[in-house]
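Number of protein chains: 2
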Amino acid sequence: MPRSATRRTEGADIDPRDTDLEGFVGYNLKRAYMIVQADFRATLGEGGLSPRVFSALSVCVSHPHITQSELARLIGIERSGLVAIVDELEEKRFLRRVPVPNDRRVQALVPTDAGRAAHGEAVAAIRAHEDRLFADMTGEEKQTLLILLRKIRAREASR
Amino acid sequence: MPRSATRRTEGADIDPRDTDLEGFVGYNLKRAYMIVQADFRATLGEGGLSPRVFSALSVCVSHPHITQSELARLIGIERSGLVAIVDELEEKRFLRRVPVPNDRRVQALVPTDAGRAAHGEAVAAIRAHEDRLFADMTGEEKQTLLILLRKIRAREASR
DNA sequence: TATTGTTATACTCTATAACTATA
DNA sequence: TATAGTTATAGAGTATAACAATA
Numbered sequence: 001m002p003r004s005a006t007r008r009t010e011g012a013d014i015d016p017r018d019t020d021l022e023g024f025v026g027y028n029l030k031r032a033y034m035i036v037q038a039d040f041r042a043t044l045g046e047g048g049l050s051p052r053v054f055s056a057l058s059v060c061v062s063h064p065h066i067t068q069s070e071l072a073r074l075i076g077i078e079r080s081g082l083v084a085i086v087d088e089l090e091e092k093r094f095l096r097r098v099p100v101p102n103d104r105r106v107q108a109l110v111p112t113d114a115g116r117a118a119h120g121e122a123v124a125a126i127r128a129h130e131d132r133l134f135a136d137m138t139g140e141e142k143q144t145l146l147i148l149l150r151k152i153r154a155r156e157a158s159r
Numbered sequence: 160m161p162r163s164a165t166r167r168t169e170g171a172d173i174d175p176r177d178t179d180l181e182g183f184v185g186y187n188l189k190r191a192y193m194i195v196q197a198d199f200r201a202t203l204g205e206g207g208l209s210p211r212v213f214s215a216l217s218v219c220v221s222h223p224h225i226t227q228s229e230l231a232r233l234i235g236i237e238r239s240g241l242v243a244i245v246d247e248l249e250e251k252r253f254l255r256r257v258p259v260p261n262d263r264r265v266q267a268l269v270p271t272d273a274g275r276a277a278h279g280e281a282v283a284a285i286r287a288h289e290d291r292l293f294a295d296m297t298g299e300e301k302q303t304l305l306i307l308l309r310k311i312r313a314r315e316a317s318r
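Chains as they are written, first to last, in the numbering used here: chain A, 1 to 159; chain B, 160 to 318.
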């Protein structure tokens with residue numbers, strides 16, 4: 001059956017592959033990202049950490065006493081956008097803003113015990129979520145994907 | 160110089176690789192996506208098509224007389240969200256909402272000559288943008304990336 | 001009853017600009 | 001003059017729920 005016969009208002013047999021859209025990395029990147037972040041949120045649940053809040057907590061755990069400006073740069077957002085994130089983490093008692101003696105402008109971010117525990121649990125949940133979501137990919141494929149995504153990210157460093 | 164000596168409020172020598180964050184596909188996906196979509200917008204400029212508007216136009220050009228519901232499903236957004244997109248494309252005279260004889264509920268989307276022309280120009284600009292952005296990747300790497308991203312997208316079909 | 005297009009609404013994420021207090 | 005944190009604000013993008021018209 002020629003496609004032209006069923007093209008109008010039919011749609012059921014439309015092959016998404018024949019749009020030039022499907023050939024673009026950007027489009028596929030967005031669709032994949034939407035799926036992963038939706039599943040991330042579903043995994044961590046209603047009161048759970050959002051992707052960006054988890055990212056911030058994760059860096060604070062790895063780099064205690066990091067400043068907000070450094071953290072913002074590291075996770076790729078503006079300083080102003082970080083305020084609400086740190087507010088949320090501080091309200092949850094997952095970290096504290098600690099004054100720094102030598103420079104009274106900055107406030108170092110220090111994870112609490114509860115923060116480290118919550119981080120550990122989140123990491124476990126997210127590992128399970130990614131294992132589930134990428135179950136049809138081999139370990140090598142996942143590694144290749146990481147390498148290629150980091151290659152795109154490397155473009156950002158030069159800005 | 161051991162890292163512990165420079166850990167506090169220094170930050171200049173923090174290696175982003177040593178956060179567990181960097182090991183997650185989701186995080187790398189997001190960072191890469193942010194870079195690509197920002198460059199997309201910069202490429203198409205102020206009055207230019209946004210990613211989602213381009214996507215909609217692209218599918219309309221490939222599948223003239225597609226309905227809004229079909230289009231929404233194809234590009235992975237809600238019907239309600241498509242209204243503003245189609246409004247914008249119709250205001251720009253890039254497509255028209257055309258009544259369908261057999262079913263007066265639906266309105267088929269038909270690209271205009273101007274719409275097809277604008278689409279062609281956008282495709283050329285986006286190809287150049289991706290060629291530039293992924294200049295350090297081989298053709299094979301780009302192909303691999305597309306395949307892996309589509310593998311993630313395949314998860315969505317089962318919902 | 002179900003579907004199409006639509007509106008109203010809210011939420012998340014991000015960015016810009018301007019402020020303050022420090023340096 | 002410059003920087004850290006902050007506030008105010010606006011703009012994308014998305015989703016949910018409800019509605020009228022039509023099937």
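Where is the CB? At the ideal position from N, CA and C, for every residue including glycine.
Item to check | A/N102 versus A/G81 - alpha carbon distance | outcome: Residue numbering aside, residue 102 of chain A sits at position 102 when the first sequence is read from its first letter. Residue numbering aside, residue 81 of chain A sits at position 81 when the first sequence is read from its first letter. A/N102 and A/G81: Cα-Cα distance of roughly 25 Å.
Checklist entry - What do you get for B/R312, buried or exposed, if any count of 16 or more other CB atoms within 10 angstroms of its CB means buried? => result Position 153 of the second sequence, counted from the first residue, corresponds to residue 312 of chain B. Under this definition B/R312 is a buried residue.
Item to check | Three CB pairs or more closer than 8 Å across the segment 22-39 of chain A and the segment 297-314 of chain B | outcome: yes
Checklist entry - Mind checking if A/G23 is an interface residue toward chain B, Cβ cutoff 9 Å exclusive? => result Reading the first sequence from its first residue, position 23 is the one you call residue 23 of chain A. For A/G23, the answer is yes, since a Cβ of chain B falls inside 9 Å of its Cβ.
Checklist entry - Rounded to a whole number of angstroms, what is the C-alpha to C-alpha distance between A/D87 and A/I126? => result The count along the first sequence starts at 1 and reaches residue 87 of chain A at position 87. The count along the first sequence starts at 1 and reaches residue 126 of chain A at position 126. So the alpha carbons of these two residues sit roughly 23 Å apart.
Checklist entry - What residue range is occupied by the uninterrupted alpha helix (DSSP H) comprising B/V259? => result Start at 1 with the first residue of the second sequence, and residue 259 of chain B comes out as number 100. No alpha helix (DSSP H) contains B/V259, which DSSP labels as neither H nor E.
Next on the checklist: Taking contact to mean 3 or more Cβ pairs, one atom from each stretch, closer than 8 Å, check whether the segment 129-137 of chain A and the segment 113-121 of chain A are in contact.
Outcome noted: no
Checklist entry - Do we get a CB-CB distance below 9 Å when we pair B/S214 with the residues of chain A? => result The sequence position of residue 214 of chain B within the second sequence is 55, counting from 1. Yes, its Cβ sits closer than 9 Å to a Cβ of chain A.
Next on the checklist: Just to make sure I have the definition right: I need the residues of chain B whose C-beta is within less than 9 Å of the C-beta of A/G26. Which are they?
Outcome noted: Residue 26 of chain A sits at position 26 when you count from the first residue of the first sequence. Within 9 Å of the CB of A/G26, the CB atoms of chain B belong to Y192, V195, Q196, D198, F199, P210, I285, H288, E289 and L292, in sequence order along the chain.
Checklist entry - Quick one: is A/S80 near chain B, going by C-beta distance under 9 Å? => result Here the question's residue 80 of chain A lines up with position 80 in the first sequence. With 9 Å as the cut-off, A/S80 does not count as an interface residue toward chain B.
Checklist entry - For A/L57, which residues does DSSP report across the bridge? => result Stepping through the first sequence from its first residue, residue 57 of chain A is reached at position 57. Partner(s): none; A/L57 has no beta bridge.
Item to check | Neighbourhood of B/I244 by C-beta, 7 Å cutoff - its chain only, sequence neighbours within 5 removed | outcome: Against the second sequence, residue 244 of chain B aligns to sequence position 85. The answer, listed in chain order, is R211, V212 and A215.
Item to check | Proximity winner among A/T112, A/I35, A/L49 and A/V83, relative to A/V106 (alpha-carbon distances) | outcome: Numbered from its first residue, the first sequence carries residue 106 of chain A at position 106. Of the listed residues, the one whose Cα sits closest to A/V106 is A/V83.
Next on the checklist: Taking its Cβ as the centre, do 16 or more other Cβ atoms sit within 10 Å of B/Q227, making it buried, or is it exposed?
Outcome noted: Stepping through the second sequence from its first residue, residue 227 of chain B is reached at position 68. Buried, because 16 or more other Cβ atoms sit within 10 Å of the Cβ of B/Q227.
Checklist entry - Going by C-alpha distance, which of B/A273, B/E300, B/I234 and B/L203 is nearest A/L21? => result Here residue 21 of chain A refers to the residue found at position 21 of the first sequence. The shortest C-alpha separation from A/L21 is found at B/I234.
Item to check | Residue of B/E299, B/P258, B/S209 and B/F253 minimising C-alpha distance to B/D272 | outcome: Numbered from 1 along the second sequence, position 113 holds the residue referred to as residue 272 of chain B. The shortest C-alpha separation from B/D272 is found at B/F253.
Checklist entry - Which chain B residues sit within Cβ distance under 8 Å of A/T138? => result As a working mapping, residue 138 of chain A is identified with position 138 in the first sequence. The premise fails here: A/T138 is roughly 10 Å from chain B at the closest Cβ pair, so nothing lies under 8 Å.
Checklist entry - If you count every other CB in all the chains shown that lies within 10 Å of the CB of A/V25, and 16 or more means buried, which is it? => result The residue given as residue 25 of chain A occupies position 25 in the first sequence. By the neighbour-count rule (16 or more Cβ atoms within 10 Å), A/V25 is buried.
Next on the checklist: Residues in the same chain with beta-carbon distance under 7 Å from B/E249, minus the five sequence neighbours each way, listed in chain order, please.
Outcome noted: Working through the second sequence from its first residue, we reach residue 249 of chain B at position 90. Cβ within range, chain order: R255 and R256.
Checklist entry - Residue range of the alpha helix (DSSP H) that B/A277 falls in? => result Within the second sequence, residue 277 of chain B is the residue found at index 118, counting from 1. Note, B/A277: alpha helix (DSSP H), D272 to L292.
Next on the checklist: Using C-beta distances below 7 Å, list every residue in its chain close to A/H129, excluding the 5 sequence neighbours before and after it, in chain order.
Outcome noted: Locating residue 129 of chain A in the first sequence gives position 129, counting from the first residue. In chain order, D39, F40 and T43 place their CB closer than 7 Å to the CB of A/H129, counting only its own chain and leaving out the 5 sequence neighbours on each side.
Next on the checklist: I'd like to know whether the C-beta of A/G76 is nearer than 9 Å to at least one C-beta of chain B.
Outcome noted: Locating residue 76 of chain A in the first sequence gives position 76, where the first residue counts as 1. Taking Cβ atoms only, chain B reaches closer than 9 Å to A/G76, which makes this a yes.
Next on the checklist: Please tell me whether B/V220 and B/P270 are closer than 9 Å, where the distance is taken between their beta carbons.
Outcome noted: Working through the second sequence from its first residue, we reach residue 220 of chain B at position 61. Working through the second sequence from its first residue, we reach residue 270 of chain B at position 111. The answer is yes: Cβ separation under 9 Å.
Checklist entry - What do you get for A/E78, buried or exposed, if any count of 16 or more other CB atoms within 10 angstroms of its CB means buried? => result Within the first sequence, numbered from 1, the residue matching residue 78 of chain A stands at position 78. With fewer than 16 Cβ atoms within 10 Å of its Cβ, A/E78 is classed as exposed.
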